[in-house]
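*Asks:*
In my numbering, the protein residues as written are 79 to 440.
1) So which of 282, 252, 359 and 405 has the shortest CA-CA distance to residue 176?
2) Start and end of the alpha helix (DSSP H) containing residue 348?
3) Going by C-alpha distance, which of 192, 173, 195 and 282 is nearest residue 383?
4) Can you tell me whether residue 92 is buried or exposed, with buried defined as 16 or more other CB within 10 angstroms of its CB?
5) What's the call for residue 180, buried or exposed, on a 16-neighbour Cβ count within 10 Å?
6) Can you say whether residue 330 is buried or exposed, counting buried as having 16 or more other CB atoms within 10 angstroms of its CB?
7) Taking the alpha-carbon of residue 395 as reference, which of 192, 284 and 96 has the nearest alpha-carbon?
8) List the residues that DSSP assigns as beta-bridge partners of residue 206.
9) With a threshold of 8 angstroms, are at least 3 pairs of Cβ atoms found where one atom belongs to the segment 311-321 and the other to the segment 281-295?
10) Under 8 angstroms by Cβ, that's how I've got residue 388 and residue 407 pegged, so tell me the actual separation to the nearest angstrom.
11) Would you report the Cα separation of residue 361 and residue 169, rounded to the nearest angstrom?
12) Determine the burial state of residue 100: buried for a count of at least 16 other Cβ atoms within 10 Å of its Cβ, exposed for fewer.
13) Rounded to whole angstroms, what is the Cα-Cα separation between residue 274 and residue 208?
14) Leaving out five residues before and five after residue 241 in sequence, what residues of the same chain have Cβ atoms less than 6 angstroms from its Cβ?
15) Is residue 356 helix, strand or coil when you go by DSSP?
16) Please classify residue 328 as buried or exposed, where buried requires at least 16 other C-beta atoms within 10 Å of its C-beta.
17) What are the boundary residues of the alpha helix (DSSP H) that residue 303 is part of?
18) Do you know offhand how far residue 135's Cα is from residue 371's?
19) According to the neighbour-count rule (16 or more other Cβ atoms, all chains shown, within 10 Å of its Cβ), is residue 399 buried or exposed?
20) Within the same chain, show all residues whose beta-carbon is closer than 8 angstroms to that of residue 393, passing over the 5 residues directly before and after it, in chain order.
21) Run through the DSSP bridge pairs and tell me what residue 274 is partnered with.
22) Is the segment 253-267 in contact with the segment 296-312, if contact means three or more CB pairs nearer than 8 angstroms?
23) Counting along the chain, where does the alpha helix (DSSP H) carrying residue 174 start and finish?
24) Straight-line CA distance for residue 295 to residue 279?
25) Kindly indicate which residue of 304, 333, 107 and 194 has the alpha-carbon position closest to the one of residue 355.
26) Can you list, in chain order, the residues of its chain with a C-beta nearer than 7 angstroms to that of residue 206? Leave out the 5 residues immediately preceding and following it.
27) Who are the Cβ neighbours of residue 269 in its own chain at under 7 angstroms, not counting the five residues just before and after it?
28) Out of 186, 250, 302 and 226, point me to the one whose CA is closest to residue 214's CA.
29) Is residue 283 helix, strand or coil by DSSP?
30) Looking at the strands, I want to know which residues DSSP matches up with residue 191.
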């Protein structure tokens, strides 16, 4: 198993490198950039993604005409000032050189400082991480807590009235996007049009530090009710059907018939034999589910409920062309995803010790 883990860790290096290369190349052709953003602010123009007409890479152009052609809104500005901006943001070097320096620093987890916030990328991520972790962990735990028993019960009572009406609920949950459900919850329970029961923004109240420990815990979960409810409704449907289909597939196998013929109770057959085999695919999907919830669903939910987490940070960084934050978060997210996928594979061996990845690869 140790050799398998080492091989997987070594494969992460080219995978991570490839992801960074592709995204770096895409950014070179994307309109807008930090230099254009500063110029637009000086000129009093709106900063949008279409601000840039040319590439931000390449060598520095000399002469006012070349500068004007390269940057929209730079007419009338001193070319020396534009060169200073390029040097400040690192665009005085060719793209290949910038990418090499970036990856060299990232290898030691040196992500630099944000272009527009007076703090390092690592500090920014640490500041936003508790919010995203809170949403992601609780959503995954509640989703699995609901989906696994519900999926097992649907498999056992396949075709019954219970199976039919729960399938209707699941279809509705799958059809409604989490952000629409979040808006509905705000309208109903956050003072939108009906009741003011739950807070609309933030992870804790403003006076949280003045509360007792018990009150702090209650306040924390009180703020989490609406955003987590919105995220769970969009996550449990797929997982429930996955659990049901996995258990149904195992229930109809020959070894289950044999176990029943030996006189074992249905509970012993289900949880002593079927569960261990059927739950494998669910365990394997845990890292993927966590990554999806943490880095995809969080984005809109954090924006709707004004939660200052990694999703909102990534969105604002992309809009503002804050490249150190964009690539720093991308690097960490990708690395975390690769590690969690490895953890998911190792979880196979915990659930079923009969699985040996080294023998399968041989």
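Built from N, CA and C at the ideal position, the CB exists for glycine as well. Given the structure is predicted, the values throughout are model-derived calculations rather than measurements.
*Replies:* For this structure:
1) 405
2) First-last for residue 348: undefined, no H or E at that position.
3) 282
4) exposed
5) buried
6) exposed
7) 192
8) The partner list for residue 206 (beta bridge, DSSP) is empty, contrary to what the question assumes.
9) no
10) 7 angstroms
11) 45 angstroms
12) exposed
13) 26 angstroms
14) 232 and 235
15) helix
16) buried
17) 291-311
18) For residue 135, the predicted structure reports a pLDDT of 39, less than 50, and the residue's modelled location is therefore unreliable. The matter cannot be settled from this model.
19) buried
20) 377 and 381
21) 268
22) yes
23) 173-184
24) 17 angstroms
25) 333
26) 386, 387, 388 and 391
27) 278
28) 302
29) coil
30) 198
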